[in-house]
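Trainee:
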Amino acid sequence: MELRRRHPAAFSVDSRGSEPCIVVSDSFARRRRPLVLRSAYQKAPKPKKPPREDSTHTNSSTLSGKRRRSIQDAAEPASGSHLKLQRFAPTQRLVDDRADFCLYLELQISTKQALEDAHALVQLLARKLTEFENYRTLDEHEAHLVAKRMPFHLVNSNASLWFLAFYVRRLDRVRERLWILLVATQLIDNFKEVGLPLAVSVGGQVLTAENKRRRQQSLESLQSEAIEGIQRLHSTPQAKRERVDVAKAATEQRLARVLMQKRQATYRDTFADYKELMVQFGYVTLYSPIFPLAAAFAWLNNTIESRSDLLKLVNRHGYQRPIAQHARGIGVWEKVLVSFAGVAVVVNCALVWTYELDELLPSWTDLQRFAFIVACEHVIFVIKAWLNWATPEVPVTSSLGKKPALPPSVPDTTVSGGSLSALHG
3 MELRRRHPAA FSVDSRGSEP CIVVSDSFAR RRRPLVLRSA YQKAPKPKKP PREDSTHTNS
63 STLSGKRRRS IQDAAEPASG SHLKLQRFAP TQRLVDDRAD FCLYLELQIS TKQALEDAHA
123 LVQLLARKLT EFENYRTLDE HEAHLVAKRM PFHLVNSNAS LWFLAFYVRR LDRVRERLWI
183 LLVATQLIDN FKEVGLPLAV SVGGQVLTAE NKRRRQQSLE SLQSEAIEGI QRLHSTPQAK
243 RERVDVAKAA TEQRLARVLM QKRQATYRDT FADYKELMVQ FGYVTLYSPI FPLAAAFAWL
303 NNTIESRSDL LKLVNRHGYQ RPIAQHARGI GVWEKVLVSF AGVAVVVNCA LVWTYELDEL
363 LPSWTDLQRF AFIVACEHVI FVIKAWLNWA TPEVPVTSSL GKKPALPPSV PDTTVSGGSL
423 SALHG
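Sequential numbering from 3 applies to the sequence shown in my numbering.
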């Protein structure tokens, strides 16, 4: 009624119905928030009674007001603590995630350390057994040593991939693992071989720049004094001492270079470099159906590796320069490549049998599919053997060029007087 007295133009009485009601104009209703208007003849609705609680709980209707308030006050802290728990739930999840990450990191470190210990043990046993066998030549010794060490590296580098591919059967995780091994790991290895020695070299140059500058200044001053007093070098004892000091400084520089090269690490053998290439070859050939880009990443890495190995051997913070030795080829590593190729045929056939034959041959039984994949594997091995026989290592033209110019039946005659009749006839 107060609004009606303040805004008489906005309200009007409609008495056409059974009960008169108040009508609000549209313009006023748009300017004001919604109002609940009732006629003077309409009665206000009665308030609803609160719902009765379950009989199993405390009956609040039978309790006094003070008792009811005490129960409500006792229930409020529980709801507040629940809100606090909800507030700290993200923090608890973060703590759990950190704990899981720490556990994962600990497992990775322990696994890495166990693999390093196993590698050291295998290397020691292989060396002891090869020395005990006592081969006659160095080539035979190295060949049998490589044959004892490479099976461990083959299993070590592919065990996790075989587990994910054939037991867990998650090709997406196999691709992620291959991506890490072929890209991230290779970048880290190249940084350790080239980037880290280069960083050490730059840091050493920065730290020793001042000492070099002072040494150069002292050397230049001694040289200038020697040039100015060149007339007194043969007569003055002090000038003779200065001349000796200049020669001594030059000798110290040469000795410093020699000592620096002596302190470099010794390049023992080529096993680590060849092993890295063999493992990479295994990744490319064993898992080409799963990760076709492996060959492209391997080519890119080998392009970078060819320069990084060069810097590793000629950098002053790298290895000592090894003594070059002539060799006919890569030796036993060719047999390792052939072995990896045979394992690649078996693994690729197993991948096809695990993931593709169910869709290609749905009406066949498991035994029939297995027999089919074994037959395909043997066919591939036969084709591989035929290619090795059809393409010899030495071409026919090169083998013909190695034949002697004179057949063995021709007697060894001496040409004298410019006559060649003995050779032609």
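Note that the Cβ used here is the ideal one computed from N, Cα and C, for glycine as well.
1. Quick one: any contact between the stretch 274 to 284 and the stretch 149 to 161, if contact means 3 or more CB pairs under 8 Å?
2. Give the secondary structure of Ala267 by DSSP, where H, G and I count as helix, E and B as strand, and everything else as coil.
3. For Glu307, does the count of other Cβ atoms within 10 angstroms reach 16, so buried, or fall short, so exposed?
4. Distance check for Arg270 and Ile1, CA to CA, integer angstroms please.
5. Of all the options Ser310, Leu107, His121, which has the alpha carbon lying nearest to the alpha carbon of Ile190?
6. In this structure, how does DSSP classify Tyr321 when only helix, strand and coil are distinguished?
7. Does Phe134 come out as helix, strand or coil in the three-state DSSP assignment?
8. For the alpha helix (DSSP H) containing Ala300, name the first residue and the last one.
9. Whole angstroms are fine: how far does the CA of Thr356 sit from the CA of Val340?
10. What does the alpha-carbon distance come out to for the pair Glu254 and Met262?
11. Can you tell me which of the three DSSP states Trp335 falls into?
12. Figure out for me which residue from Phe342, Val334, Leu389, Ala346 has the closest Cα to the Cα of Ala145.
13. At which residues does the alpha helix (DSSP H) containing Gly197 begin and terminate?
14. Note down the Cα distance separating Leu313 from Gly320, rounded to an integer number of angstroms.
15. With distances taken Cα to Cα, identify the nearest neighbour of Met152 among Leu173, Trp181, Phe342, Leu105.
16. Where do the N-terminal and C-terminal ends of the alpha helix (DSSP H) with Thr187 fall, by residue?
17. Just to confirm my understanding: we take Phe374, look at its own chain, exclude 5 residues before and 5 after, and list those with CB closer than 8 Å. What are they?
18. Taking the beta carbon of Tyr169 as the centre, do at least 16 other beta carbons fall within 10 Å, making it buried, or is it exposed?
19. Can you give the Cα-Cα distance for Arg179 and Leu288, rounded to whole angstroms?
20. Compare the beta carbon distance of Leu173 and Ile332 with 8 Å and say whether it is the shorter of the two.
21. By how many angstroms is the C-alpha of Gln115 removed from the C-alpha of Leu109?
22. Is the separation between the beta-carbon of Gln379 and that of Val347 shorter than 8 Å?
23. Leaving out five residues before and five after Asp141 in sequence, what residues of the same chain have Cβ atoms less than 7 Å from its Cβ?
24. What whole-angstrom Cβ distance do Trp184 and Ala296 have, given they're in contact under 8 Å?
Mentor: Let's see:
1. yes
2. strand
3. buried
4. The requested residue 1 is not part of the displayed model; the chain covers only 3 to 427.
5. Ser310
6. strand
7. helix
8. 296 to 316
9. 25 Å
10. 12 Å
11. helix
12. Val334
13. Neither: Gly197 is in no alpha helix (DSSP H) and is coded neither H nor E.
14. 8 Å
15. Phe342
16. 187 to 192
17. Leu359, Leu363, Trp366
18. exposed
19. 14 Å
20. no
21. 10 Å
22. Per the sequence shown, the amino acid found at residue 379 is Glu instead of Gln. Yes.
23. Gly333
24. The question names Trp, yet the displayed sequence has Leu at residue 184. Rounded, the Cβ-Cβ distance is 6 Å, consistent with contact.
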